[in-house]
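Data block below; observations after.
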Amino acid sequence: MSKKNIQSKQSASSTAGYDPVAALQQVARAMPATVPMTKTQLRDLRSAQRRAPSQLIALVLSEADESDGNVAGIAIDPTTARSDVAQATNLRVGAAAARSIARRLEQQALVLASGVAQSALSATTSLQALARTPQGSSYVAKAAELRTAARGTKRKAKETTTTGTTPVAAAAEAPAAETTPVTTGPAPVAHGVTAAAN
Numbered sequence: 074m075s076k077k078n079i080q081s082k083q084s085a086s087s088t089a090g091y092d093p094v095a096a097l098q099q100v101a102r103a104m105p106a107t108v109p110m111t112k113t114q115l116r117d118l119r120s121a122q123r124r125a126p127s128q129l130i131a132l133v134l135s136e137a138d139e140s141d142g143n144v145a146g147i148a149i150d151p152t153t154a155r156s157d158v159a160q161a162t163n164l165r166v167g168a169a170a171a172r173s174i175a176r177r178l179e180q181q182a183l184v185l186a187s188g189v190a191q192s193a194l195s196a197t198t199s200l201q202a203l204a205r206t207p208q209g210s211s212y213v214a215k216a217a218e219l220r221t222a223a224r225g226t227k228r229k230a231k232e233t234t235t236t237g238t239t240p241v242a243a244a245a246e247a248p249a250a251e252t253t254p255v256t257t258g259p260a261p262v263a264h265g266v267t268a269a270a271n
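Sequential numbering of the sequence shown, starting at 74, is according to the working numbering.
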């Protein structure tokens with residue numbers, strides 16, 4: 074499929090009466106506020122989750138059912154714990170869908186923006202060639218301005234490569250720390266798990 078056809082399809086999909094960006098913003102506004110978490114906190118939570126596979130959790134909750142919510146001195150509410158596990162599973166499905174949507178939006182943005190960029194580059198090349206002809210003397214100043222703008226873009230790209238962070242990556246990472254779901258209580262599996270009172 075040619076680039077022109079791709080751009081046509083992308084444009085058609087974005088003007089079919091549905092604005093995915095507005096829809097996502099509405100979802101974001103409707104979501105409850107979350108508490109920012111550090112990388113260390115996230116690492117600790119993931120470590121706990123890895124050390125407690127689903128089979129282990131199922132066995133412990135089954136034991137809690139049979140022992141009135143007390144397993145070896147640890148109070149566990151099996152109903153709450155199972156509800157938390159179900160919610161976590163559902164949230165992971167949503168996170169996977171969100172990543173898929175993000176990739177599709179990024180691709181659509183790339184195709185549309187690159188079309189304009191290619192046209193601008195072609196026009197710049199043509200104008201610079203015209204400025205070098207006797208008939209294009211009036212375009213010399215504009216050609217110089219365009220060259221300066223192009224060099225500035227290359228310089229920024231080089232600086233970005235040196236730091237190892239692209240503008241898109243930086244934008245993607247910035248909200249991540251602010252939107253990581255976290256509860257105000259214990260870790261997800263431990264929602265129904267508390268130390269039993271002596």
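Quick reminder that beta carbons are idealized off the backbone N, C-alpha and C, glycines included. Values in this document were obtained by computation on a predicted structure and should not be read as measured data.
Residue i to residue j, Cα distance in whole Å?
i, j, result
"Glu-218", "Gly-225", "11 angstroms"
"Pro-109", "Gln-128", "30 angstroms"
"Thr-162", "Arg-102", "22 angstroms"
"Ser-156", "Thr-111", "26 angstroms"
"Ala-175", "Ala-216", "37 angstroms"
"Gly-209", "Gly-188", "27 angstroms"
"Leu-183", "Gln-99", "23 angstroms"
How should residue i be labelled, buried or exposed, when 16 other C-beta atoms within 10 angstroms of its C-beta is the threshold for buried?
i, result
"Ala-204", "buried"
"Pro-93", "exposed"
"Gly-142", "buried"
"Pro-105", "exposed"
"Pro-36", "Past the boundaries of the shown model lies residue 36; the chain is included only from 74 to 271, so the question cannot be answered."
Check the C-beta distance from residue i over to residue j and give it rounded, since I have them as a contact under 8 angstroms.
i, j, result
"Thr-197", "Ala-223", "7 angstroms"
"Leu-288", "Tyr-212", "Since the displayed the chain opens at 74 and closes at 271, residue 288 lies outside it and no answer follows."
"Leu-164", "Ile-149", "Leu-164 to Ile-149, Cβ: 21 angstroms. No contact."
"Ala-137", "Val-144", "5 angstroms"
Does DSSP put residue i in a helix, in a strand, or in coil?
i, result
"Pro-248", "Residue placement at Pro-248 is poorly supported in this model, since its pLDDT is 43, which falls under 50; the coordinates still yield a value, given next. Coil, per DSSP."
"Val-213", "helix"
"Val-94", "helix"
"Thr-221", "helix"
"Thr-197", "helix"
"Arg-205", "coil"
"Val-108", "coil"
Let me know the alpha helix (DSSP H) ranges lying completely inside the stretch 123-172, each 4 residues or longer, listed in chain order. DSSP runs (the alpha helix (DSSP H)) wholly in the stretch 123-172: 127-139.
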